[in-house]
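The structure under discussion appears below in the form of structure tokens.
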Amino acid sequence: MTSCPPKPTQLPHRLPEVEEVSAGGVIVDVHDGVARVPVIARRNRAGRVEWCLPKGHLESNETLEQTAVREVAEETGITGRILAPLGTIDYWFSASGTRVHKIVHHYLLEATGGELSIEGDPDAEAI
0 MTSCPPKPTQ LPHRLPEVEE VSAGGVIVDV HDGVARVPVI ARRNRAGRVE
50 WCLPKGHLES NETLEQTAVR EVAEETGITG RILAPLGTID YWFSASGTRV
100 HKIVHHYLLE ATGGELSIEG DPDAEAI
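Below, the structure written as structure tokens:
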């Protein structure tokens, strides 16, 4: 009895990978000794509601800090200033035939003005 040579195994097709960088954070508004922190409700790709911190992509020549301040204001209506970096998270997901490595830089911000609103969100993601 002769043995057949093993068949070459085919490697699974790998999606192309891209890296995305975002910034955002926690903005604290203190009134009468009570701290308030807005969070964003959005629908994820599966259609389920998820709660998250305001964040978004860098635009042209923005720094991470400038992006965090802009994104928090756009998504919450509250303007602020950065007090400290909080940390960075990263995760992977697939979208439109691409594997995305997302890196998000979070900052602690102090509210300096504005009113809570989702009307300024250019992506209209907040619900």
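Mapped onto numbering that gives the first Met the number 0, the consecutive letters of the sequence shown carry residue numbers 0 to 126.
Glycine is no exception: its CB is placed at the ideal position from the N, C-alpha and C atoms.
Here the structure is a predicted model, which means the values were calculated and not measured.
Residue i, DSSP secondary structure in three states
i: Leu-63; result: helix
i: Val-38; result: coil
i: Ala-83; result: strand
i: Glu-109; result: strand
i: Glu-16; result: strand
i: Arg-98; result: strand
i: Glu-49; result: strand
Minimum Cβ-Cβ distance from residue i to chain B less than 8 angstroms
i: Glu-109; result: Of the chains in the structure shown, none is chain B; there is only one protein chain.
Nearest-angstrom beta carbon gap, residue j and residue i [assumed within contact, 8 angstroms]
i: Thr-97; j: Val-17; result: 6 angstroms
i: Gly-113; j: Gly-76; result: 5 angstroms
i: Val-36; j: Val-25; result: 6 angstroms
i: Cys-51; j: Val-68; result: Contact flag wrong, Cβ pair sits at about 17 angstroms.
Counted within 10 angstroms of its Cβ, other Cβ atoms place residue i as buried (16 or more) or exposed
i: Val-29; result: exposed
i: Ala-110; result: buried
i: Thr-66; result: buried
i: Glu-118; result: exposed
Own chain partners of residue i with C-beta closer than 7 angstroms, once the 5 adjacent residues on each side are dropped
i: Glu-70; result: Ala-22, Gly-23, Pro-53, Lys-54, Gly-55
i: Gly-86; result: His-105
i: Glu-64; result: Ile-81, Tyr-106
Neighbourhood of residue i by C-beta distance below 6 angstroms, restricted to the same chain and skipping five residues each side
i: Tyr-90; result: Lys-101
i: Ala-72; result: Thr-78
i: Asn-43; result: Glu-49
Beta-carbon contacts of residue i that lie in its chain and below 8 angstroms, excluding the five residues immediately before and after
i: Leu-57; result: Val-20, Ser-21, Ala-22, Leu-63, Thr-66
i: Ala-83; result: Tyr-106, Leu-107
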